[in-house]
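Chemist: At position 154 of the sequence shown (counting the first as 1) the number is 154 in the UniProt record's numbering, and the numbers step up by one without a gap. Here a beta-carbon is modelled for each residue, glycine too, at the ideal position from N, C-alpha and C. One structure is given below, represented as structure tokens, and several questions about it will come after.
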Amino acid sequence: MAVISRGFGARRRDSDPHLPPGQYLTEDFPVLSAGPTPRIDTADWRFGIRTETGGGASWTWDEFLALPIEDIHTDIHCVTRWSKLGTSWRGVSLDTLLDAVDTEASYAMAHSYGGYTTNVPLDELRDGQAWVAFEFDGEPLDPEHGGPARLLVPHLYFWKSAKWVRGLTLMDEDEPGFWEQNGYNMHGDPWTEERYW
């Protein structure tokens, strides 16, 4: 007779149609990180974009906050199978930031303070699909959740929403980031369960 522990294996998928396959609903906001939480003073924070030809643009914290700011209401889905519905964020659209550079690239590598990286196809960051977010639920983003600012790409698994983001490198060819080098899917669509290689 098999013994099944509730601590192992996937939980039952809740019946909410907003939940992708294999996900369960959570009301809290679990903290998952690949390393220690960096503490970045906004006086030292910079966000930069480097293009495939070596051009680019960068913003200080004050310059970043002077850009058009959007309110974002979205669901988020973690590869570890939790989903949180109806989250509220504020941030700057990647459309605004990418409009500051000339590029023909197809991919981006997000870089974080602390060394984390993740790759995202550039067309997944455009057309109102991604932001650099600095507030969650009406409050400044906590360092444990990526503050002062994180990438927010809610239509992909949440490891693509790089915490403590400091910039993007635009690339002609796709390359794996941190988790992708360790077996995670290069794309990460929760609706088709693109979890691992």
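#1: Which residue wins for smallest C-alpha separation from N185, given the options G177, R195, W191?
#2: Could you check what DSSP says for F47 in three-state terms: helix, strand or coil?
#3: Please list the terminal residues of the continuous alpha helix (DSSP H) segment that includes T96.
#4: Would you decide whether residue 200 is buried or exposed? Buried here means 16 or more other CB atoms lie within 10 Å of its CB.
#5: With L65 as the anchor, note down where its beta strand (DSSP E) starts and where it stops.
#6: Can you give me the start and stop residues for the beta strand (DSSP E) that W131 sits inside?
#7: Please report how far the alpha carbon of Y116 lies from the alpha carbon of G56, in whole angstroms.
#8: Count the other CB atoms within 10 Å of the CB of V31; is the residue buried (16 or more) or exposed (fewer)?
#9: Helix, strand or coil for H145 per DSSP?
#10: Report the three-state DSSP secondary structure of L151 (helix, strand or coil).
#11: Counting beta carbon pairs with one atom in the stretch 34-53 and one in the stretch 93-102, are three or more of them shorter than 8 Å?
#12: Is it true that the CB of V153 sits closer than 8 Å to the CB of Q129?
#13: Can the beta-carbon of L97 be found closer than 8 Å to that of I49?
#14: With distances taken from CA atoms, which of L19, D189, T169 is nearest A108?
Modeler: The answer reads as follows:
#1: Here the closest residue by C-alpha is R195.
#2: Of the three classes helix, strand and coil, the one that applies to F47 here is strand, per DSSP.
#3: Where T96 is concerned, the enclosing alpha helix (DSSP H) stretches over 94-98.
#4: Since the first residue of the chain shown is 1 and the last is 197, residue 200 is not available in this structure.
#5: Premise fails: L65 lies in the alpha helix (DSSP H), 61-65, not in any beta strand (DSSP E).
#6: Note, W131: beta strand (DSSP E), 131-136.
#7: For Y116 and G56, the distance between alpha carbons rounds to 21 Å.
#8: Answer is exposed; the Cβ neighbour count stays below 16.
#9: Of the three classes helix, strand and coil, the one that applies to H145 here is helix, per DSSP.
#10: Here L151 sits in strand by DSSP.
#11: Enough Cβ pairs lie closer than 8 Å, so yes.
#12: Taking C-beta atoms as the reference points, Q129 and V153 count as a pair closer than 8 Å.
#13: Yes, they are a contact pair.
#14: Between A108 and the set L19, D189, T169, the nearest pair of CA atoms involves T169.
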